[in-house]
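Chemist:
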Amino acid sequence: MTATPSTAPLTRIVVEVVGAPFHAIVTPEDGTIRAGGFATADDPGALSLDERLARLDPALAARGVDPESREDGPVAEALRAYAAGQLEAIDALTVVQPQTPFRGEVWRALRRVHAGSAVTYTELAALAGRPSAVRAAASGCANNLVALVVPCHRIVRTDGGLGGYLFGTDIKERLLRHEGAEH
0 MTATPSTAPL TRIVVEVVGA PFHAIVTPED GTIRAGGFAT ADDPGALSLD ERLARLDPAL
60 AARGVDPESR EDGPVAEALR AYAAGQLEAI DALTVVQPQT PFRGEVWRAL RRVHAGSAVT
120 YTELAALAGR PSAVRAAASG CANNLVALVV PCHRIVRTDG GLGGYLFGTD IKERLLRHEG
180 AEH
């Protein structure tokens, strides 16, 4: 019995970006990225990404993830192009993640922050339409399930400090340097 597209296991695509394996979990039927993040020394298989997906979208995660990672297809090509310096290559990738209305605004605002730019959490709140909701904007970054493509790494503290990043400030710093961002 063959799995139908809506029940087929999700696809894991792994591409080296700024010296670290980036994992994208994609629905194979439409090529949409549902989760993305970096493998780290503490999590070399990026299994925390699967756990976050299961917590935030249990129905989708119930499909499972194919144990064989892939390195081909449009998502992999765009990620490799980004890694090679074509920074806009990831801009057209389709992403979907569970969201509240304001988090959706935060994530859409993040996608409007272009490579080479870094904005503060305060500026992000304003871009999302609620200038006084700085903490909620920061929470949107912390709960972003599609890191890199929804570029929460481009958000810095008002004092110019990096702030946090789920995959470590070293990777955040490398991403900003790769993109030529001043912070």
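Under numbering that gives the first Met the number 0, the sequence shown has 60 at position 61, and the numbering climbs by one with no breaks.
All residues carry an ideal CB built from backbone N, CA and C; glycine is no exception.
Predicted model only: the values in this text are computed from it and were never measured.
What would DSSP say about L247, mapped onto helix, strand or coil?
Modeler: Residue coverage of the chain in this structure runs from 0 to 182, which leaves residue 247 outside it and unanswerable.
Chemist: According to DSSP, is A108 part of a helix, a strand, or is it coil?
Modeler: Three-state result, A108: helix.
Chemist: On the DSSP bridge list, what partners appear for V17?
Modeler: By DSSP's assignment, V17 forms no beta bridge with any residue.
Chemist: So what's H113 in DSSP terms, helix, strand or just coil?
Modeler: coil
Chemist: With a Cβ-Cβ cutoff of 9 Å, do G35 and L144 count as a contact?
Modeler: At the C-beta level, G35 and L144 come within 9 Å of one another.
Chemist: Could you please give me the residues that DSSP links to V25 through a beta bridge?
Modeler: T10 and I32
Chemist: I need the straight-line Cα distance from R33 to A108, nearest angstrom please.
Modeler: 18 Å
Chemist: Given T119, which residues of its chain have a CB within under 8 Å of its CB, disregarding the five upstream and five downstream residues?
Modeler: I154, V155, R156 and T157
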